[in-house]
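Notes for the one structure printed next.
2 protein chains.
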Amino acid sequence: MKAIDILNQHNLKRTSCREGLLDVLIEAQRPISENQIRALLPGNYDRTTFYRSFKTLEENNIIHKIVVDSQFVTYALANEITHRHNHAHFYCHECHKVQCLDEVPVMSTPLPEGYEALEKEVIIKGICPECHA
Amino acid sequence: MKAIDILNQHNLKRTSCREGLLDVLIEAQRPISENQIRALLPGNYDRTTFYRSFKTLEENNIIHKIVVDSQFVTYALANEITHRHNHAHFYCHECHKVQCLDEVPVMSTPLPEGYEALEKEVIIKGICPECHA
DNA sequence: AATGAACTTGCAACATTGTTGCATTTGACA
DNA sequence: TGTCAAATGCAACAATGTTGCAAGTTCATT
Ligand SMILES: [Mn+2]
Ligand SMILES: [Mn+2]
Ligand SMILES: [Zn+2]
Ligand SMILES: [Zn+2]
Numbered sequence: 031m032k033a034i035d036i037l038n039q040h041n042l043k044r045t046s047c048r049e050g051l052l053d054v055l056i057e058a059q060r061p062i063s064e065n066q067i068r069a070l071l072p073g074n075y076d077r078t079t080f081y082r083s084f085k086t087l088e089e090n091n092i093i094h095k096i097v098v099d100s101q102f103v104t105y106a107l108a109n110e111i112t113h114r115h116n117h118a119h120f121y122c123h124e125c126h127k128v129q130c131l132d133e134v135p136v137m138s139t140p141l142p143e144g145y146e147a148l149e150k151e152v153i154i155k156g157i158c159p160e161c162h163a
Numbered sequence: 031m032k033a034i035d036i037l038n039q040h041n042l043k044r045t046s047c048r049e050g051l052l053d054v055l056i057e058a059q060r061p062i063s064e065n066q067i068r069a070l071l072p073g074n075y076d077r078t079t080f081y082r083s084f085k086t087l088e089e090n091n092i093i094h095k096i097v098v099d100s101q102f103v104t105y106a107l108a109n110e111i112t113h114r115h116n117h118a119h120f121y122c123h124e125c126h127k128v129q130c131l132d133e134v135p136v137m138s139t140p141l142p143e144g145y146e147a148l149e150k151e152v153i154i155k156g157i158c159p160e161c162h163a
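Taken in order, these protein sequences are the chains called A and B. Residues are numbered in our numbering as their position in the first sequence, beginning at 1, plus a constant of 30. Residues are numbered in our numbering as their position in the second sequence, beginning at 1, plus a constant of 30.
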């Protein structure tokens with residue numbers, strides 16, 4: 031799926047920032063941060079524009095955001111799986127890469143009386159297979 | 031338990047910043063942010079000192095940190111329960127309060143081959159009992 | 001009580017993440 | 001191609017966090 035098609039599908043204007051962002055995220059195939067995206071992106075966009083693009087793309091379920099820590103936030107393409115079921119994320123302390131664990135469903139947690147859960151974020155931190163050698 | 035006793039127990043120097051921080055967190059009985067702590071704290075400490083205190087207290091398992099979002103981070107006292115088993119946190123979209131769900135254990139997630147989990151953060155967002163009326 | 005080493009603090013500077021208002025530019029459609 | 005709603009760039013600001021270094025504080029020992 032090309033960036034342009036995705037934007038058209040969602041009736042979003044095709045701007046070079048959005049298109050570039052999406053291209054980079056499609057290419058990356060995993061969650062990356064604003065700075066990482068910026069390094070891979072040809073154009074030079076204002077940070078405000080970047081964040082407004084993130085917001086729009088997230089509201090349209092085209093991308094999703096993973097807050098690893100307050101100082102390390104990543105964005106990744108959404109897909110049918112991630113759009114439908116919630117999924118966990120993994121952060122590797124060694125290589126500092128973030129992964130969508132699409133195949134790891136987020137179990138529903140029984141909450142005490144009166145709590146209404148709307149979203150649930152699960153982030154697991156440890157050592158990834160590549161660094162585990 | 032008094033702040034001073036906690037510091038002594040952990041062989042930490044008794045400084046007014048640490049003592050004040052702890053007093054506020056003991057009083058609050060729930061996770062609050064740096065700014066909220068600061069508003070409740072008599073003295074006026076440099077932010078660097080604040081953060082160094084947070085770090086020290088966290089390393090000694092006296093407090094723990096809850097990243098609700100990259101722009102909203104809270105700190106709470108740790109207790110025997112939170113120290114021993116991992117627990118989930120709840121954020122209310124209405125009142126913006128954060129709660130430690132001590133009684134809600136974090137289920138161990140079966141990970142794909144090769145992943146070694148060291149930590150796991152679970153944050154549930156929704157509406158709390160008080161706001162659910 | 002005074003001493004002194006080790007620890008803590010305050011300040012300056014910087015980095016990451018994110019938002020709002022407003023003037024200007026641009027994309028999409030007629 | 002012209003129009004207008006939408007997107008962008010810029011300025012300013014806020015929350016969160018770190019590092020280096022000089023100055024101050026704690027606390028054990030004398
Ligand atoms: Mn994901
Ligand atoms: Mn907690
Ligand atoms: Zn790794
Ligand atoms: Zn509430």
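In this text, a Cβ means the ideal position worked out from N, Cα and C, and glycines have one as well. Everything numeric in this text was worked out from a predicted model, so none of it was measured.
- Across the stretch 88–121 of chain B, CB contacts with chain A closer than 8 Å involve Val97, Asp99, Ser100, Gln101, Val103, Ala118 and Phe120, in sequence order along the chain.
- The Cβ of Ala163(B) sits no closer than 7 Å to any Cβ of chain A.
- No heavy atom of ligand 2 is found nearer than 6 Å to the CB of Ala58(B).
- If you check the C-beta of Cys130(A) against ligand 3, you find no heavy atom less than 6 Å away.
- Following the DSSP letters along the chain, one finds Thr104(B) inside the beta strand (DSSP E) bounded by residues Phe102 to Leu107.
- With the rule of 3 Cβ pairs closer than 8 Å, the stretch 139–147 of chain B does not count as touching the stretch 105–114 of chain B.
- For Ile62(B), there are no neighbours in chain A by C-beta distance under 9 Å, as the nearest C-beta there is about 15 Å away.
- Of all residues in the stretch 53–78 of chain A, none has a C-beta nearer than 7 Å to a C-beta of chain B.
- Contact with chain A is absent for Thr45(B), since none of that chain's Cβ atoms lies less than 7 Å from the residue's Cβ.
- Each of Ile157(A), Ile56(A) and Gln101(A) was checked against the Cα of Asn65(A), and the nearest Cα belongs to Gln101(A).
- For the beta strand (DSSP E) assignment, the uninterrupted runs of no fewer than 3 residues enclosed by the stretch 95–156 of chain A are, from N- to C-terminal side, 102–107, 117–122 and 128–135.
- Those residues of the stretch 139–155 of chain B placed with their C-beta closer than 9 Å to a C-beta in chain A are Thr139, Pro140, Leu141, Pro142, Glu143, Gly144, Tyr145, Glu146, Ala147, Leu148, Glu149, Lys150, Glu151, Val152, Ile153, Ile154 and Lys155, ordered along the chain.
- At a beta-carbon threshold of 8 Å, the residues of chain A lying near Glu133(B) are Pro142, ordered along the chain.
- Relative to ligand 3, even the nearest heavy atom lies 6 Å or more away from the CB of Glu143(A).
- Annotated three-state conformation of Ile92(B) is coil, per DSSP.
- By the rule of a C-beta closer than 7 Å to any heavy atom of ligand 4, the residues picked out are Cys122(B), Glu124(B), Cys125(B), Lys127(B), Ile157(B), Cys158(B), Glu160(B) and Cys161(B).
- From the listed residues Leu55(B), Met137(B) and Glu151(B), the smallest Cα separation to Ile92(B) is found for Leu55(B).
- Pairwise C-beta distances place the stretch 73–86 of chain A out of contact with the stretch 116–130 of chain A, as fewer than three of them are shorter than 8 Å.
- For Asn65(B), the enclosing alpha helix (DSSP H) covers residues Glu64 to Leu70.
- DSSP, read as helix, strand or coil, puts Gly50(B) in helix.
- Between His123(B) and Ile96(B) the beta-carbon gap is near 16 Å, outside 8 Å, which marks them as no contact.
- Taking each of Ala163(A), His162(A), Thr86(A) and Met31(A) in turn and checking the Cα distance to Thr45(A), the smallest one comes out for Thr86(A).
- Taking the Cβ of Thr112(A) as the reference point, at least one heavy atom of ligand 1 falls within a distance shorter than 6 Å.
- One Cα belongs to Leu141(B), the other to Ser63(B), and the distance between them is close to 32 Å.
- DSSP places Gln39(B) inside the alpha helix (DSSP H), whose first and last residues are Ala33 to Gln39.
- The beta carbon of Phe120(A) sits closer than 6 Å to those of Gln129, Leu131 and Ile154, all from its chain and outside the five residues before and after it, given in chain order.
- Shown here, Thr79(A) sits in a helix according to DSSP, grouped into three states.
- DSSP, reduced to helix, strand and coil, places Cys158(A) outside both helices and strands of the structure shown, so it counts as coil.
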